[in-house]
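Numbering (my numbering), first residue to last: 23 to 468.
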Amino acid sequence: MVPLSERHFAFIPKRFRLGLVLCVVVFSVILQVTSLQAQVNTSAENLNLALGDQSALISQSRPQPGDTQIEGNKIDGFPVVLDGRTLFRVREGMPGIASASERADILNERLKEIARDSTVTADSIQVVEQDNLSVVQAGGEVLFTIREEDRFGNRSRQQTAEKAAQIIQSAIAQYREERSTKQLIIGIVWATLGTLGFILFVGLLQRIISKALIRVRAARRVDALDLNYHGSQLLDSKAVSYLLEGLIKLLRVGIILGAIFLYIPFFLSQFPITRSLGNSVFNDIGQKVEDLVTSFVHYIPSLAIILIIGFVTYYVIGFANLVILELGRSNIYPWFYPEWIQPTKRLTAFIIVAIACIVASSYIPGINSPAFQGISIFLGALLTIGSSSAVSNTISGIILIYTRSFQLGDYIRIGEIVGEVREKSLFVTRIITPKKKSSPFQIRLS
């Protein structure tokens, strides 16, 4: 007896089973790491600190997507960032000395120099008291000073300075730890595991999609996909199979794009030098997807109106066809000849659809955009130039049909060809010559 697990996963080759298990393990570990990062985020502290004649917000937190792209302003302050982590937000400058943005830039450069200088240890970042000032130093170099007037809340000036020094110590220690050989090896391992997991996932997805396509094609061969409604066939098995194949392939593309969207930021975030790029990619793509979803949600009411217009148009055309059919069948209206039924139905349907398109066009997204208008003008000019003869022939066909110039079975002469009329339509008149040769003509009235 085949074990349950093998029976359920027999369609997966053995070389993919290990990959599937590996993907699950890697995904579980990623969730654990994400959970730990979330715990660190929730335990972050905020410290408002006034530097000189300014106020700043000091917050200790994990790097957030897009931190390095945050632009400062006079209200929120100008960020002092180390390795993508916002440490300070300088809100005001020192009059006559430096603006808030200039002070933030100076602190940014000082922190980068200290973090890269291995001779300056994190423990050397201390607070030195000088008269009524608390000076935060790193290896003897002054970073900033705090005065008695600069203390925040219930904290004393000394407590405010000590808290700021602790935050800088932690940030520099973490900066150096993440660039150590050990962390580099860990990053390479995680990046390798992520790459293997991505490749195995795509391979497994491709195999599942291939099996699904094979089953759809097999069902098409035995006509098992017919779409029926109340005994009437709406779509045959071939059409349904093509539709299903298209949806399955579209689903495959969507899943692969989603996997790439998750894989690239994960890979880049394993190395400090590319972490900000990974966060930027994740943030930018995520914002685009969010904007797309938001736009679609906002477009749903307009889409519903377009569907209602299409629904009403369908039944109006059906009603018009019934009226035209009765006009041609009834003897009450002798002026409406039976051969007018089909061309009248087509003309009526064309007019109704044209009116519906005009009404629905105002609900199409981007209809008023310059790009859409430019494309519309180009297509209109193209159709005008390329279909002038077709329009002329159509008008000629309409006149010939409704004036009843000739009927089916009549012998007529067109140019040098004489024959019996076998077909009349808006676009073509087909005659059969005495030699049983069929000749289609596009008749233009002169």
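All C-beta atoms in this analysis are idealised placements derived from N, C-alpha and C, irrespective of residue type, glycine included.
**Request:** Kindly indicate which three-state DSSP category F358 falls into: helix, strand or coil?
**Result:** Residue numbering aside, residue 358 sits at position 336 when the sequence shown is read from its first letter. Of the three classes helix, strand and coil, the one that applies to F358 here is coil, per DSSP.
**Asked** Grouping DSSP H, G and I as helix and E and B as strand, with all else coil, what is Q180?
**Response** Counted from its first residue, the sequence shown places residue 180 at position 158. Helix, per DSSP.
**Prompt:** Taking three-plus beta-carbon pairs below 8 angstroms as touching, is the segment 122-131 in contact with the segment 144-153?
**Reply:** no
**Asked** In three-state DSSP terms, what is S511?
**Response** Nothing in the structure corresponds to residue 511, since the chain is present only between 23 and 468.
**Item:** Touch test, the segment 222-235 against the segment 266-284, Cβ-Cβ under 8 angstroms, three pairs minimum
**Value:** yes
**Request:** Ignore the nearest five residues each way along the sequence and tell me which others in I363's own chain have a CB closer than 7 angstroms to its CB.
**Result:** Here residue 363 refers to the residue found at position 341 of the sequence shown. Excluding sequence neighbours, I363 sits near I346, L347, G350.
**Asked** How would you write the range of the beta strand (DSSP E) that F100 sits in, first residue to last?
**Response** Indexing the sequence shown from 1 puts residue 100 at position 78. Run containing F100: 100-104, per the beta strand (DSSP E) assignment.
**Item:** Meets three-Cβ-pair contact criterion under 8 angstroms: the segment 208-218 and the segment 286-295
**Value:** yes
**Asked** Can you give the Cα-Cα distance for I453 and I439, rounded to whole angstroms?
**Response** The residue given as residue 453 occupies position 431 in the sequence shown. The residue given as residue 439 occupies position 417 in the sequence shown. C-alpha separation (whole angstroms): 9 angstroms.
**Item:** Separation of I207 from I189, as counted between CA atoms
**Value:** Taking the sequence shown and counting its residues from 1, the one referred to as residue 189 is at position 167. Taking the sequence shown and counting its residues from 1, the one referred to as residue 207 is at position 185. Distance between the alpha carbons of I189 and I207 is about 27 angstroms.
**Prompt:** Quick one, are the C-beta atoms of D248 and S263 less than 7 angstroms apart?
**Reply:** Residue numbering aside, residue 248 sits at position 226 when the sequence shown is read from its first letter. Residue numbering aside, residue 263 sits at position 241 when the sequence shown is read from its first letter. For D248 and S263, no; Cβs fall outside 7 angstroms.
**Request:** Leaving out five residues on either side along the sequence, give the residues of the same chain with a beta carbon under 6 angstroms from the beta carbon of R274.
**Result:** Counted from its first residue, the sequence shown places residue 274 at position 252. If we look at R274 and ignore the five residues flanking it on each side, its Cβ neighbours are I231.
**Prompt:** Are at least three pairs of beta-carbons, each pair with one atom in the segment 319-326 and one in the segment 354-362, less than 8 angstroms apart?
**Reply:** no
**Message:** Considering only their Cβ atoms, is the gap separating A120 from V142 smaller than 7 angstroms?
**Reply:** Taking the sequence shown and counting its residues from 1, the one referred to as residue 142 is at position 120. Taking the sequence shown and counting its residues from 1, the one referred to as residue 120 is at position 98. No, Cβ-Cβ distance for V142 and A120 is not below 7 angstroms.
**Item:** Backbone CA spacing between P360 and S391 [nearest angstrom]
**Value:** Counting from one through the sequence shown, the residue named residue 360 turns up at place 338. Counting from one through the sequence shown, the residue named residue 391 turns up at place 369. Roughly 47 angstroms separates the two Cα atoms.
**Asked** How long is the line joining the alpha carbons of I210 and Y285, rounded to whole angstroms?
**Response** Here residue 210 corresponds to residue number 188 of the sequence shown, with the count starting at 1. Here residue 285 corresponds to residue number 263 of the sequence shown, with the count starting at 1. Distance between the alpha carbons of I210 and Y285 is about 14 angstroms.
**Request:** With a 10 Å radius around its C-beta and 16 neighbouring C-beta atoms as the bar for buried, classify K446 as buried or exposed.
**Result:** On the sequence shown, residue 446 is found 424 positions in, with the first residue counted as 1. Flag for K446 reads buried.
**Message:** Less than 7 angstroms between C-beta atoms, sequence neighbours within five positions excluded: which residues of the same chain meet that for G396?
**Reply:** Numbered from its first residue, the sequence shown carries residue 396 at position 374. Counting only Cβ-Cβ distances below 7 angstroms, and skipping sequence neighbours, we find nothing.
**Prompt:** Which of helix, strand or coil does DSSP assign to V443?
**Reply:** Sequence index remark: in the sequence shown, residue 443 carries index 421 (1-based). In this structure, V443 counts as strand in the three-state DSSP scheme.
**Item:** Neighbourhood of I386 by C-beta, 6 angstroms cutoff - its chain only, sequence neighbours within 5 removed
**Value:** Taking the first residue of the sequence shown as 1, we reach residue 386 at position 364. The answer is none, since no qualifying residue turns up.
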